[in-house]
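Read through the structure below, which is laid out as structure tokens, and then see the notes.
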Ligand SMILES: *Cc1c(COP(=O)(O)O)cnc(C)c1O
């Protein structure tokens, strides 16, 4: 089992030289893909380090140890998807338990809570997590945990993680944080008092739109034992090939995000000047309501921007004509990805609920990739110009 990283290397160096706990054969500088299901047990009376890959696999363990160090946690776990990670964590709860959840969490998490775990009597109480009073008032004798996603999706609202973990601790509740949008490079929830960190590793940790995976990191040994039990019993593990790809993706996490954040800020500022654009939501903008809070608890603003354009037609026009950004769900990749939340990422939320949250058909979300700012600007500029001409002809 991994212990906390004692050395004083900076984050970017730890990405390359994290202690994996796995010795590479022949001095291999990367962890080999141990594409095996079972391990020969030389001494039957005294089992080997690995016996069966659902329970443990060296490539997976290398990834698990790496993410645990990067998040300053005790133990890491790799799952078959972000949702497998979320669902495995939710398996820690039982009938009658209540979990207080950000009302603007990822659509799939909302779905699994309200349509699947609800069947087993685990109740999600949705609150505006940015309102600490509302969080306090939601606590009952049945409450067992608080589940945060910050910044949230698509409006990038920021929750004061430390303030929530303080309330949680005072009431003996667990704090769970979905850290997908920030990554351990920009935000480390365990340092802010959280007990469990979840990632859809599909996004920034993979970084290349080539893996579906999930990661969990816990802050203490007791929780590590519980999650380990679920991982082995429920069995939603990540395969060795995908673990290898995530280890590879992680190495460039810092350089990717440094560049993506820089471009995101430039692009957000540029969007604010466009007359087809109504609102720009990016926490790196000084006029974002949570700018100060995120500056205090994270070391960057990420590379996700949401923006509202003048009409549904305008949003459709952009989706149909933009050249550089891929159109679709997902985020955090080297290529920019443009999403229409109402019909894509948040389609699993009922229409009435969605509109109550302000996710209209004229809202777009951009995951800024590694294309150069000048090219993204040129691309969107020509789309906006074309839309204006079309509107004039009408
Ligand atoms: C994508 C995503 C998930 C789900 O992850 P998958 O890898 O798609 O299963 C969970 N939380 C957030 C914030 C996400 O963006």
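In our numbering, the protein residues as written are -3 to 390. Quick reminder that beta carbons are idealized off the backbone N, C-alpha and C, glycines included.
Not one heavy atom of ligand 1 lies closer than 7 angstroms to the C-beta of residue 139. Non-local beta-carbon contacts of residue 267 in its own chain, meaning distances under 6 angstroms to residues more than five positions away in sequence, involve 273, 276 and 303 in chain order. Assigned with DSSP and collapsed to three states, residue 357 falls in coil, not helix or strand. In this structure, residue 198 has its CB closer than 7 angstroms to one or more heavy atoms of ligand 1. The beta carbon of residue 91 sits closer than 8 angstroms to the beta carbons of 116, 117 and 118 from its chain, once the five residues preceding and following it are set aside; these are given in chain order. In the DSSP annotation of this structure, the continuous segment of the beta strand (DSSP E) that includes residue 334 starts and ends at 333 to 335. DSSP lists 174 as the beta-bridge partner residues of residue 145. Distances from the alpha-carbon of residue 77 to those of 101, 196, 187 and 62 put 196 closest. If you ignore the 5 residues before and after residue 366, its C-beta comes within less than 7 angstroms of the C-beta of 252, 255, 256 and 330, all in its own chain and listed in chain order. Between residue 155 and residue 172, the CB-CB gap reaches or exceeds 8 angstroms.
In this structure, the CA atom of residue 149 is about 20 angstroms from the CA atom of residue 192. Its chain contains 97 and 120 as the residues whose beta carbon lies nearer than 7 angstroms to that of residue 109, once the 5 sequence neighbours on both sides are disregarded; these appear in chain order. Distances from the CB of residue 178 to the heavy atoms of ligand 1 are all 7 angstroms or more.
Taken through DSSP and simplified to helix, strand or coil, residue 4 comes out as coil.
With respect to the 8 angstroms criterion, residue 74 and residue 60 are classified as neighbours on the basis of their beta carbons.
Assignment of residue 151 by DSSP, reduced to helix, strand and coil, places it in the coil class.
Ligand 1 has no heavy atom closer than 7 angstroms to the beta-carbon of residue 371.
Taking one beta carbon from each stretch, the stretch 209 to 220 and the stretch 47 to 67 have 3 or more pairs nearer than 8 angstroms; the two touch.
Our two residues, residue 36 and residue 43, have alpha carbons roughly 10 angstroms apart in a direct line. When distances are taken from the beta-carbon of residue 245 to the heavy atoms of ligand 1, even the shortest one reaches 7 angstroms or more. When secondary structure is reduced to three states using DSSP, residue 89 falls in the coil class, being assigned neither helix nor strand.
Comparing C-alpha distances from residue 351 to each of 360, 338, 167 and 362 shows the shortest one belongs to 338. For residue 377, the uninterrupted alpha helix (DSSP H) run begins and ends at 369 to 389, by DSSP. With fewer than 16 other Cβ atoms inside 10 Å of its own Cβ, residue 225 counts as exposed. Residue state for residue 303 is assigned as strand, using DSSP reduced to three classes. Remark: C-beta atoms of residue 62 and residue 24 do not approach each other more closely than 8 angstroms. Note: residue 119 is bridge-paired with 94 in the DSSP secondary-structure output.
Per the Cβ contact rule, the stretch 308 to 321 is not in contact with the stretch 169 to 189 (fewer than 3 Cβ pairs under 8 angstroms). Relative to ligand 1, the beta carbon of residue 79 is positioned inside 7 angstroms of a heavy atom.
Contact check for residue 4 against residue 247 fails: the beta carbons are separated by 8 angstroms or more.
Residue burial is scored here from C-beta neighbours: residue 51 has fewer than 16 other C-beta atoms within 10 angstroms and is therefore classed as exposed. Cβ neighbours of residue 217 within its own chain (closer than 7 angstroms, five residues either side excluded): 70.
Boundaries of the alpha helix (DSSP H) harbouring residue 225: 217 to 230, taken from the DSSP string. Assignment of residue 140 by DSSP, reduced to helix, strand and coil, places it in the strand class.
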